[in-house]
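Notes for the one structure printed next.
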Ligand SMILES: [Zn+2]
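In the working numbering, the protein residues as written are -15 to 143.
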């Protein structure tokens, strides 16, 4: 088991987007897209790749909840119908097959470190980053398209 925990987007964020068909960043009248292959449509709430035929909503999301110099906004998918928020102890399969960018932040949301890693080596780099005593969380993105993937927090900090 990893020494850190994988946190998906907030369930409330997904519920709002599903209900309003709009996000907090100016995108509205969102229409579902249908997955036509797997992998390719990673849901950021259940942290599964959609099966072909499943519907998803594509919208903009930021892992920062308030204004910060490092705040970034980017595209994510979420299942169009309610799904179970990820709560497993293991690393989701959806991260393993992708090139990921990892950025660690301190309690003031200032970046400490950034790196790009093959998803199969996620633990090695994440644990190195958490070796820095000020590192509070790590933001994970798909390195190529820039989609937000999840947040990693220390297991003891999120018990
Ligand atoms: Zn889902």
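Don't be surprised by glycine CBs; every beta carbon is placed ideally from N, CA and C. Keep in mind that this is a model prediction, so the values were computed, not measured.
In this structure, the straight-line span from the alpha carbon of residue 7 to that of residue 27 is close to 16 Å. Ranked by Cα distance from residue 58, the options 113, 17, 134, 88 are led by 134.
Contact between residue 35 and residue 63 is absent: CB atoms are separated by about 10 Å, not below the 8 Å threshold.
Ordered along the chain, residues surrounding ligand 1 are 27, 29, 30, 32, 62, 63, 67 [Cβ under 7 Å from any heavy atom]. Just so you know, the alpha carbons of residue 100 and residue 86 end up roughly 6 Å apart. Annotation for residue 114: the continuous alpha helix (DSSP H) segment containing it runs 106 to 114. Going by C-alpha positions, residue 136 is about 13 Å away from residue 84. By the criterion of at least three beta-carbon pairs nearer than 8 Å, the region 88 to 102 is in contact with the region 110 to 122. Where residue 14 is concerned, there is no enclosing beta strand (DSSP E), because DSSP gives it neither an H nor an E.
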